[in-house]
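Each remark here refers to the structure printed beneath this line.
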Ligand SMILES: Cc1ncc(C[n+]2csc(CCOP(=O)(O)OP(=O)(O)O)c2C)c(N)n1
Ligand SMILES: [Mg+2]
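Residue numbers (my numbering): 94 to 466.
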């Protein structure tokens, strides 16, 4: 309130000092009210609910989320055994976000870009777990030929553009992908994921400005897992309702329960419908939680075990969907069979990743530069 009044007064003072009269000059209160009215009356994507999935679709979501969970648990084990070098950021707890959103995409035309916590997004896109795990162990069969590791995975074939270690950089790059969709008129939308920590970066807002100005086909997805390394969102963010972060650029924002895959899927559909109709970007804030430390080397002393346990017990996305499935008529045995099947896929991926050969030494000199500069 106070800030708004000061802002209006300052503007008028500046004009008065220069002896100018604004063409739109209005009494301060009326101007502020009018501005507020425009922002609050702004059109938004259709309100979302829970996606009305049939049993088969729910089972497919369950399978995909379980694959991410078990894959990440195995990656954690391989890291502990010294088989994975470098950084390794696990996605455990956040599975409903990638599965709910990416299941709504059209992989033939849409593109995806994210940060370094990227294994789950690749799995949700149906990329072979063997080549993802082999990338983690640095093998030639890995999706980046064993040279990118956990943070730098790409699949141009799947229009998956990384895998980026520079916090926030993927947002500006995502804008570029969206610009390409528009320029080529290919009907595609870019899904650009970033974290609550990245949401405080300057380049994110430069990207918002351009995206709205040029009505780029992009969905900005803030994965608010409550922490940026060891800093909680409330400690680091003046506006911690992150879905509001696009307001000053007139980008509509929607807050979504990122622990409920059906809610995520429905919100994704509504956001995509908006963007595909040419109305410009949408900002989705997915409220979620990461169960593990920031990376494998984080002892997570900034929060209590009880906090993590409480989320696991009350909001786990896989347990939540399991309850929905049982209610909808799925049998415990069928769900157990899915778990067995997933464990097998992950164990095969781990064996593959441990036994596949490392890249040849000359590979050190390839893929460093695309061409001469
Ligand atoms: C430009 C830049 N600044 C700082 C870092 C170090 N860093 C790596 S991850 C991270 C926290 C990011 O948190 P958030 O965006 O919430 O993503 P999350 O790890 O929770 O998925 C920071 C500060 C970096 N990689 N790049
Ligand atoms: Mg975070």
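All C-beta atoms, glycine included, are put in the ideal place defined by N, C-alpha and C. Keep in mind it's a predicted model, so treat the numbers as computed, not measured.
The DSSP-derived three-state label of residue 236 is coil. Judged by the Cβ position, residue 320 qualifies as a neighbour of ligand 2 at the 7 angstroms threshold, a heavy atom of the ligand being closer than this. Within 7 angstroms of the C-beta of residue 289 there is at least one heavy atom belonging to ligand 2. Within 7 angstroms of the C-beta of residue 328 there is not a single heavy atom belonging to ligand 1. Collapsing the DSSP output to three states places residue 180 in coil. DSSP places residue 315 outside any alpha helix (DSSP H); the residue lies instead in the beta strand (DSSP E), whose first and last residues are 311-317. Across the set 211, 408, 456 and 301, the C-alpha of 211 shows the shortest separation from the C-alpha of residue 258. Annotation for residue 421: 148 place their beta carbon closer than 6 angstroms to its own, counting only its chain and skipping 5 residues before and after. Where residue 300 is concerned, the enclosing alpha helix (DSSP H) starts and stops at 295-306.
Less than 8 angstroms divides the Cβ of residue 160 from the Cβ of residue 216. In this structure, residue 369 sits near residue 282, with a CB-CB distance shorter than 8 angstroms. Excluding residues up to 5 positions away in sequence, 353, 355, 356 and 359 lie with their Cβ nearer than 8 angstroms to the Cβ of residue 143 in the same chain.
Taken in chain order, the complete beta strand (DSSP E) segments of 3 or more residues contained in the segment 337-393 are 346-350 and 375-380. Contact annotation: residue 205 and residue 253 have beta-carbon atoms nearer than 8 angstroms.
Under the criterion of beta carbons closer than 8 angstroms, residue 351 and residue 376 do not qualify as touching, at roughly 14 angstroms. Judged by DSSP secondary structure, residue 206 falls within the beta strand (DSSP E) whose first and last residues are 204-206. With a contact defined as Cβ atoms closer than 8 angstroms, residue 312 and residue 374 qualify at about 7 angstroms. Per DSSP, residue 267 lies in no beta strand (DSSP E); the unbroken alpha helix (DSSP H) holding it starts and ends at 262-277. Here the alpha carbons of residue 222 and residue 452 stand approximately 19 angstroms from one another. The residue from 156, 327, 363 and 384 with its alpha-carbon nearest to that of residue 187 is 384. Residue 196 and residue 218 have their C-alpha atoms some 8 angstroms from each other. With respect to the C-alpha of residue 320, the residue from 395, 300 and 248 having the closest C-alpha is 395. DSSP places residue 164 in the helix class (H, G or I) of the three-state scheme. In the DSSP assignment, the residues bridged to residue 288 are 316. Only residues of its own chain outside the window of five on either side were considered, and among them 215, 218, 220 and 236 have a CB closer than 8 angstroms to the CB of residue 248, listed in chain order. Residues of the same chain with a CB within less than 7 angstroms of the CB of residue 232, apart from the 5 flanking positions on each side, are 239, 446, 449, 450 and 451 in chain order.
Residue range 425-448 is occupied by the alpha helix (DSSP H) that includes residue 445. A distance below 8 angstroms separates the beta carbons of residue 263 and residue 207. In the DSSP assignment, residue 419 falls within the alpha helix (DSSP H) that extends over 410-420.
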